[in-house]
Amino acid sequence: MGWFDSWTGSSSTGGDPLEKLDPKLREFLQREAPVKYDHAQSPHQPASSTTQEHTQSQAAQAPTPSSESAQQQQQQQQPGVPPQSLYQDGRYAHLWKNYKPQSQVEAETKSDHEKLMDVLEAYKERKAEIGKAALENCALEQVDWTECMKSGSVTARMTMCRDAVRKFERCYTIQNRFLKALGYLSVQDRSPEVEEDIQMHADRLYHRLMEQEDAIELAKKEGKPVPKFDPLIPKPIVRIADPEQDITLSPQLQQKLKEQLEKVPEEERHAEEEAIKAELRAKAEVAARVQDIWAQQAREKEERRKEGKLTIGDRVSSLFGW
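The opening position of the sequence shown corresponds to residue 20 in the working numbering, with each subsequent residue numbered one higher.
Laid out in C-alpha cells, this is it:
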C-alpha cells in the first residue's frame, strides 16, 4: 500500500518534499524563500499544536513591565531636538546637535553699543505702543470727530468741530494716563493677552470716569451734594510685585510732581500721579538694564586684561576712564 500512503501523504518518509530535489536547488530555495522551511517538522500538524505555538509567540511578543521601563528609559536617553525640527521623535538629532536659534546667535554677536540701543529702542517702542493702544480705545471719539467734519452742522464745521476735537483729545490723554498707571509702559516681556487685558481695563476705567463726571454734573444741576467716589486706580493695583523695588522720589522730583498735579483736575490727580510714578519706574528699569550691560562689559574687559588680550578699544576707553 505504499502507493496509497504516498498519495494520501500519510507516509513517514514523505515528510520532506524537498528531499528528492537537487542539493544546490534545495539550498537556493531555503536561502531565498521568505518563510524558512523546517524539514524536521511535519507539514500536517494538529490544530492544537499550531494554536499553542501561536499563543506562545504572542506571549513572547507581549511587552513586559521591564521591557516598557527599558523603552521609556531609552526614549529619555534619546537626544532631544529643537522645536524647529520636523521630526520630534529624535531622528536626525545629530544634525541639530549644535543648532542655535537665530535670536540667540544675534544676541551673542551683538556689540555693547547694539545692546544699549536695543534697550533704548524697546523703551521707545513701548511709548509708541501706548499711543496706539490709546487711539484704539478712543476709536468712537475719533469716528464722531470724522462724522462731524463730514456731515456736522454748519456751526460745528465753522468751529472745526471744536467740541468733538476736545472730546477726542481728552479721551486720548486719559487713556494714555490709565495705560501708564496700569503698567503698560513696562519693557518687561509680556504675552499679548496680558497687554490686551491692560488695554481693556484702561478703557473700562475711562468710561467709569465719564459716568462719575456725569453724576457730578447732574448733582450740581439739581443742587444736591456732590458725590464722592473712590480712586479709579486703587493702591493694590498700581503697586509692583516687589515693594523694595519701588522708587523713592527726591525732593526735586516731588516738587515737580506737585506742580504738575496742580494743573490737572482734582478727580484726575490720583491717576495722573500713578501714571507719572509708573513712567519713572519704567525709566528706572531701563537704567538698571543699562547698568547691567556696563557691568558685564567691565567684567569682560577685566578678564581680557588678566589674559593679556586687551583690544585697542579697551586701551582707548581706559585712557578716558570708561
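Think of the CB as a built atom: it goes at the ideal place given N, C-alpha and C, for glycine as much as any other residue.
Owing to the predicted nature of the structure, the values given are computational and were not obtained by experimental measurement.
Contact between Y191 and A153 holds: their C-beta atoms lie close to 5 angstroms from each other, under 8 angstroms.
The alpha-carbon of M177 is positioned some 39 angstroms away from that of L276. Just so you know, the alpha carbons of H113 and W313 end up roughly 38 angstroms apart.
About 4 angstroms separates the beta carbons of R196 and A294, which is inside the 8 angstroms limit, making them a contact pair. With a minimum length of 3 residues, there is no unbroken run of beta strand (DSSP E) contained wholly in the stretch 260 to 313. Our two residues, A306 and Y142, have alpha carbons roughly 11 angstroms apart in a direct line.
Between the stretch 154 to 165 and the stretch 217 to 224 there are three or more inter-stretch CB-CB distances shorter than 8 angstroms, so the stretches are counted as touching.
For A175, the enclosing alpha helix (DSSP H) begins and ends at V173 to M177.
Contact check between the stretch 243 to 254 and the stretch 280 to 300: three or more CB pairs, one atom from each, fall below 8 angstroms, which counts as touching.
By the Cβ-count criterion, V162 is exposed, with fewer than 16 other Cβ atoms from all chains shown falling within 10 Å of its own Cβ.
D131 is the residue among W115, D131, G109 and P101 whose C-alpha sits nearest the C-alpha of Q310. Distance from the CA atom of L329 to the CA atom of N117, rounded to whole angstroms, is 29 angstroms. Cα atoms of Q271 and K169: separation of roughly 48 angstroms, rounded to the nearest angstrom. Within the stretch 137 to 194, the complete alpha helix (DSSP H) segments at least 4 residues long are 158 to 170 and 173 to 177, listed from N- to C-terminus.
Minimum Cα-Cα distance from E230 among the listed residues E241, R209 and P246 corresponds to P246. Here L228 carries a helix assignment [DSSP, helix/strand/coil]. Around the C-beta of E160, 16 or more other C-beta atoms lie within 10 Å, and the residue is accordingly described as buried. Closest by C-alpha distance to L299, out of Y111, E326, S205 and T128, is S205. At a Cβ-Cβ threshold of 7 angstroms, I149 and L228 do not count as neighbours. For K243, the three-state secondary structure derived from DSSP is coil.
With respect to the C-alpha of D182, the residue from I193, E285 and C167 having the closest C-alpha is C167. Assigned with DSSP and collapsed to three states, G327 falls in coil, not helix or strand.
A buried status is given to I193, since no fewer than 16 other beta-carbon atoms sit within 10 Å of its beta-carbon. Within 10 angstroms of the beta-carbon of V100 lie 16 or more other beta-carbons, which makes it buried. Per DSSP, the continuous alpha helix (DSSP H) segment holding V124 begins and ends at Q121 to T128. V138 sits away from R334, with the two beta carbons spaced by 7 angstroms or more. Between the C-alpha atoms of K282 and D233 there is a straight-line separation of about 21 angstroms. Straight through space, the alpha carbons of E140 and A126 are spaced by roughly 15 angstroms.
Minimum Cα-Cα distance from T267 among the listed residues E214, P284, E241 and A297 corresponds to A297. Beyond the five residues adjoining it in sequence on each side, L280 comes within less than 7 angstroms, by CB distance, of R288, E291 and E292 in the same chain, given in chain order. Annotation: E322 to Q121 spans about 27 angstroms, alpha carbon to alpha carbon. Taken through DSSP and simplified to helix, strand or coil, H113 comes out as coil.
If you draw a straight line from the Cα of E285 to the Cα of R209, it is about 33 angstroms long. Rounded to the nearest whole angstrom, the C-alpha separation of G332 and A317 is 13 angstroms.
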